[in-house]
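Reading through the structure tokens given below for one structure.
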Amino acid sequence: MGKTPKIITLLAALAAVGIGGGMLGAHFLSQHRASNDTDQVRESSAQPDLTDPRLIQQGAYIARTADCAACHTTPGGAPYAGGLAMQTPLGAIYSTNITPDLNTGIGHYSLADFTRAVKHGVRADNQPLYPAMPYPSYAIMPDEDIAALYAFFMHEVDAVNQANGESTIPWPLNMRWPMSWWQLLFAPEREFVANEQLTPEENHGAYLIEGPGHCGACHTPRGLAYQEKAMNLAKLEKSDFLSGAVIDGWRAKSLRSEARGLDSWSKEELALFFKTGRTDKVAAFGAMADVIEHSTRYMTDADINAMAAYLKQLPPAKNKILAFEPKEDTTTALLQAGVNLDKGATVYVENCQVCHRADGLGMPRVFPALAGNSAIFAKNPQSVIQITLEGGKTPSNDVDVMDFAMPSFNHLSNQELVAVINFIRNGWQNQAPEISANQIDHIRKFLLNKAPNLVFNTVSNPGSHSVTSPGASASASTRGVDE
Amino acid sequence: MNKALQGSRFTPLVAALLVSAAVSFTISASHAAEPTRYSVLDKDGQTLADYVIPKDADISHHENAEQILYGKRLLNETKHLMPDNVGSHMNCNSCHVAQGKKPQGAPYINTYNSFPQMNPRAERIFQLEDRINGCMQRSMNGKPLAEDSKEMRAMIAYMKWLAQDVPHGAKVQIQNSGAIDMSLTPDPMRGAAIYAQQCAACHGANGEGRRDASGTMAFPPLWGDESFNLGAGMARTYKAAAFIKYNMPMGVNTHGGWGEGGVLNDQDAVDVAEYFTHQPRPGYPDNIHDFPSGKRPKDFRE
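If you're matching them up, the sequences are chains X and L in order. Using the numbering used here, the letters of the first sequence map in sequence onto residues 1 to 483. Using the numbering used here, the letters of the second sequence map in sequence onto residues 1 to 302.
Pasting the structure below:
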């Protein structure tokens with residue numbers, strides 16, 4: 001009879017020792033993580049003049065390339081004051097206030113503290129950051145760039161007194177100390193390594209995409225510990241780098257050169273997409289619309305072309321279809337004839353055709369094509385389903401006079417949505433697996449349960465916040481990247 | 001990266017976390033929103049059964065499905081299917097938004113049950129055929145259809161289907177067009193600037209419209225030889241303004257059938273309407289017979 005309690009006591013003691021050891025070890029790891037690196041920053045005799053307007057301007061541009069705003073600014077919120085909800089399987093994490101406010105922001109951060117947080121994921125109080133903050137990518141950014149970024153945040157960004165939101169991840173899953181071990185395993189110190197096979201332009205693009213652009217945060221599949229499966233293309237065709245992933249209910253497409261990747265995109269189209277969020281064929285939506293609106297549209301042509309050049313030379317990812325079987329377009333003639341339409345075509349004519357047209361080619365730079373649009377025939381239909389249910393907006397840009405939007409079609413039944421989505425995914429020359437009503441239901445539930453962004457009233461009551469109804473932030477950018 | 005360490009060691013911990021997360025997900029209802037129900041009043045003001053806008057898939061359940069579908073196609077592709085009767089590059093549904101199913105977008109929902117009715121422009125009783133032929137000659141800048149033609153019967157069959165079970169003389173409680181302040185003085189110069197910002201991307205800098213890749217007119221021409229003539233209701237400033245305010249620009253919102261509206265206020269709409277309606281367009285000499293008793297509206301076009 002006394003045996004069982006003894007075992008339980010023993011196990012409990014072992015667990016306590018284990019957890020205690022884990023916590024102590026984590027404390028040690030965070031204390032010493034990147035300490036060499038930051039000591040260098042701290043002791044460097046050549047401290048830059050952080051008030052130099054040119055350095056600040058440079059930092060402003062780096063903040064654009066690193067897309068800090070997409071996560072640290074809520075739609076309509078104060079710049080960089082945080083509060084954007086990022087959905088994780090465990091709950092929502094809210095991006096933090098990175099304005100130079102002394103109490104609620106990062107005003108008390110030294111350059112060394114800032115560098116350690118941005119590149120290595122350790123806060124000034126030695127607590128590890130969740131990898132929603134893409135520090136595994138930022139790790140390759142040169143310290144001079146981080147100094148410029150610091151100068152920008154300290155001397156250009158307005159301090160906003162706005163308290164950070166508590167994540168909705170329940171205890172004990174919200175404990176931070178295991179992240180120190182995670183960092184040891186998955187976010188080592190590293191530097192950018194240029195590939196000798198690539199041109200200088202392509203290598204520059206590689207740096208922007210692997211580092212500040214942190215494209216892999218959304219486009220690289222993650223492992224069971226939420227780590228990106230690859231941070232670069234070191235192992236070429238075996239690598240999962242940028243081979244597509246699902247984040248926030250969106251399918252972030254494969255950027256590799258297979259049929260469902262970037263095979264249907266030219267380098268020029270990629271560059272135009274980064275600049276304007278549109279080509280004659282496609283329009284950015286979902287999380288990518290935020291990337292363009294806050295980041296890539298501000299990048300120089302040289303940087304944009306470098307990214308496009310790098311992406312276009314990526315090899316296909318493993319186990320992907322390199323090219324589709326040839327297929328004749330019978331859809332255009334069917335829709336133009338307007339008779340003998342099945343259910344999918346009937347729903348299409350009633351709800352979609354006025355914009356996306358019988359030929360599925362849309363209206364260039366106004367309404368995107370569905371035929372030949374790689375977002376439509378992705379193997380994973382989540383993006384198609386989510387934008388059909390929720391609608392979407394094209395990002396603003398500096399070329400087109402107007403921004404356009406797609407309305408929500410969540411009033412259609414699951415059967416209608418299944419019919420019409422299967423119709424567009426396999427209409428014209430598109431080829432994609434059929435979807436089911438369960439997949440529609442899954443996204444409907446995901447959208448219903450999406451945590452809203454925090455809404456602050458910084459003018460009348462600094463620091464206080466309330467939560468809006470989920471619907472109010474329906475189109476909010478929710479990227480899976482932040483602290 | 002510590003590649004050797006990736007992937008496996010964290011698996012048990014993370015699997016446990018994911019399982020608990022999955023369990024903690026709330027189970028919630030997820031289905032399509034209920035369709036909008038519109039109340040219906042008969043001519044004595046008595047409430048009848050609610051009206052729900054039918055979906056195209058319903059057409060096949062009707063005996064004359066083929067005729068209804070043909071009517072729907074004629075209204076969508078008027079120029080393409082009736083080139084001899086349509087002079088402009090417009091379709092009926094260029095103005096009758098979403099196949100005549102959108103309140104405030106010139107819907108056909110009450111059309112079938114509202115005729116015969118007094119036509120204020122002609123100052124005589126109109127049958128529905130007269131009304132449709134008015135559109136054919138003015139908005140379509142073309143020729144009337146024979147009242148017993150296959151095309152006329154088909155378009156009316158579609159409108160009858162859209163009215164569903166609403167009896168003759170009863171009215172679905174929707175608006176055909178939204179309100180616009182007719183006391184506003186139009187400023188066409190300001191209208192030109194609004195046109196450039198809010199309209200030209202689709203309708204073209206010179207109002208010429210835009211065709212899709214197959215050559216079909218996708219955004220109707222707002223002026224010029226391919227547009228509606230001076231006799232069309234859309235050539236009148238305030239009628240056009242009411243249409244624009246509630247239906248244009250399309251594709252700019254994540255709600256509404258077309259993602260339309262919510263951009264222009266009354267003054268904006270009146271200004272831009274004044275600007276584009278007064279650009280060169282085909283004439284309509286029969287205008288002289290309109291409003292024969294002389295009480296012409298202030299935006300009447302000659």
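Ideal Cβ placement from N, Cα and C applies to all residues, glycine included.
Next on the checklist: Closer than 8 Å is the cut-off here; do at least three beta carbon pairs connect the segment 195 to 213 of chain X with the segment 306 to 315 of chain X?
Outcome noted: yes
Checklist entry - What does a CB cutoff of less than 7 Å around Met-82 of chain L pick up in its chain, not counting 5 residues either side in sequence? => result Leu-74, Glu-151
Checklist entry - Who are the Cβ neighbours of Asp-403 of chain X in its own chain at under 6 Å, not counting the five residues just before and after it? => result Thr-394, Ser-396
Checklist entry - Is His-168 of chain L closer than 7 Å to Asn-113 of chain L when the C-beta atoms are compared? => result Contact annotation: Asn-113 of chain L and His-168 of chain L have beta-carbon atoms nearer than 7 Å.
Next on the checklist: Can you tell me whether Lys-245 of chain L is helix, strand or coil according to DSSP?
Outcome noted: helix
Item to check | Boundaries of the beta strand (DSSP E) in which Trp-250 of chain X is found, first to last residue | outcome: 250 to 252
Checklist entry - Just how far apart, CA to CA, sit Ala-302 of chain X and Glu-196 of chain X? => result So the alpha carbons of these two residues sit roughly 20 Å apart.
Item to check | Under the three-state DSSP convention, the category Pro-433 of chain X falls into | outcome: Here Pro-433 of chain X carries a coil assignment [DSSP, helix/strand/coil].
Next on the checklist: Using beta carbons (cut-off 7 Å, strictly below), is Ser-293 of chain L in contact with chain X?
Outcome noted: no
Item to check | chain X contacts from the segment 255 to 270 of chain L (Cβ-Cβ distance under 9 Å) | outcome: Listed in sequence order: His-255, Gly-256, Gly-257, Trp-258, Gly-259, Glu-260.
Checklist entry - Nearest chain X C-beta to Ala-192 of chain L closer than 7 Å, yes or no? => result Judged by the 7 Å Cβ criterion, Ala-192 of chain L is not in contact with chain X.
Item to check | Own chain residues within Cβ distance below 7 Å of Ser-293 of chain L, not counting five before or after | outcome: Excluding five sequence positions before and after Ser-293 of chain L, the CB atoms of its chain that fall closer than 7 Å to its own CB belong to Glu-123, given in chain order.
Next on the checklist: Between the alpha carbons of Thr-279 of chain X and Gly-25 of chain X, how many angstroms are there, rounded?
Outcome noted: 51 Å
Checklist entry - So, do the segment 242 to 256 of chain X and the segment 353 to 370 of chain X have three or more beta carbon pairs nearer to each other than 8 Å? => result no
Checklist entry - Roughly how far, in whole angstroms, is the beta-carbon of Ala-32 of chain L from the beta-carbon of Leu-412 of chain X, given that I think they are within contact range, below 8 Å? => result 6 Å
Checklist entry - What are the uninterrupted segments assigned as alpha helix (DSSP H) that are 4 or more residues long and contained completely in the segment 348 to 401 of chain X, given in chain order? => result With a minimum length of 4 residues, the continuous alpha helix (DSSP H) runs that stay inside the segment 348 to 401 of chain X are 353 to 356, 382 to 390.
Next on the checklist: With a threshold of 8 Å, are at least 3 pairs of Cβ atoms found where one atom belongs to the segment 153 to 165 of chain L and the other to the segment 62 to 80 of chain L?
Outcome noted: yes
Next on the checklist: Rounded to whole angstroms, what is the Cα-Cα separation between Pro-280 of chain L and Gly-231 of chain L?
Outcome noted: 13 Å
Next on the checklist: Here's a check: name, in chain order, each residue in its chain whose Cβ is nearer than 7 Å to the Cβ of Ser-383 of chain X, leaving out the five neighbours to either side.
Outcome noted: Trp-250, Arg-251, Gly-286, Ala-375
Item to check | Closest Cα partner of Asn-103 of chain X within the set X:Tyr-80, X:Ala-163, X:Ala-234, X:Thr-51 | outcome: X:Ala-163
Checklist entry - So is Glu-63 of chain L buried or exposed if we call it buried at 16+ other beta carbons inside 10 Å? => result exposed
Checklist entry - Sorted by chain position, which residues of the same chain lie with C-beta nearer than 7 Å to Asp-101 of chain X's C-beta, five sequence neighbours on each side aside? => result Excluding positions up to five away in sequence, the list reads Gly-107, Ala-159, Val-160, Asn-161.
Checklist entry - Between the beta-carbon of Pro-120 of chain L and the beta-carbon of Asn-133 of chain L, is there less than 7 Å? => result no
Item to check | Sequence-distant residues of the same chain with beta carbon closer than 7 Å to Lys-267 of chain X, five excluded per side | outcome: In its chain, beyond the 5 residues on either side, Ala-308, Ala-309, Lys-312 have a beta carbon closer than 7 Å to the beta carbon of Lys-267 of chain X.
Checklist entry - Listed from N- to C-terminal order along the chain, which residues in the segment 419 to 447 of chain X have their beta-carbon within a distance smaller than 7 Å of any beta-carbon of chain L? => result Within the segment 419 to 447 of chain X, the residues whose Cβ lies closer than 7 Å to some Cβ of chain L are Asp-441, Arg-444, Lys-445, listed in chain order.
Item to check | 8 Å Cβ shell around Phe-274 of chain X - same chain, five flanking residues per side excluded | outcome: Result list for Phe-274 of chain X: Ile-292, Thr-296, Arg-297, Met-299, Ile-304, Met-307, Ala-308, in chain order.
Item to check | Per-residue DSSP class, three states only, for Thr-47 of chain L | outcome: For Thr-47 of chain L, the three-state secondary structure derived from DSSP is strand.
Next on the checklist: Nearest by alpha-carbon distance to Ala-201 of chain L: which of L:Ala-218, L:Ala-65, L:Asp-187 is it?
Outcome noted: L:Ala-218
Next on the checklist: Would Ala-21 of chain L pass as an interface residue toward chain X - the criterion being a Cβ-Cβ separation below 7 Å?
Outcome noted: Note that Ala-21 of chain L scores 45 on pLDDT, short of 50, meaning its location in the model is unreliable; the coordinates nonetheless yield the value given after this. Against chain X, the CB of Ala-21 of chain L has a partner CB under 7 Å away; the residue lies at that interface.
Checklist entry - Would a C-beta distance cut-off of 7 Å place Glu-274 of chain L and Pro-220 of chain L closer than the cut-off? => result no
Item to check | Closer than 7 Å to chain X by CB, Ser-94 of chain L | outcome: no
Checklist entry - Which chain X residues sit within Cβ distance under 8 Å of Pro-35 of chain L? => result The contacting residues are His-411.
Next on the checklist: Counting only Cβ pairs nearer than 7 Å, list the residues of chain L close to Phe-404 of chain X.
Outcome noted: Gly-251, Val-252
Next on the checklist: Using beta carbons (cut-off 7 Å, strictly below), is Val-366 of chain X in contact with chain L?
Outcome noted: At least one chain L Cβ lies under 7 Å of Val-366 of chain X.
Item to check | Chain-ordered neighbours of Gln-197 of chain L on chain X, where CB pairs are closer than 8 Å | outcome: Val-401, Met-402
Next on the checklist: Given a cut-off of 7 Å on the beta-carbon distance, is the pair Asp-94 of chain L and Ser-227 of chain L in contact?
Outcome noted: Looking at the sequence shown, residue 94 of chain L is not Asp but Ser. Cβ distance not < 7 Å, so Ser-94 of chain L and Ser-227 of chain L don't count as in contact.
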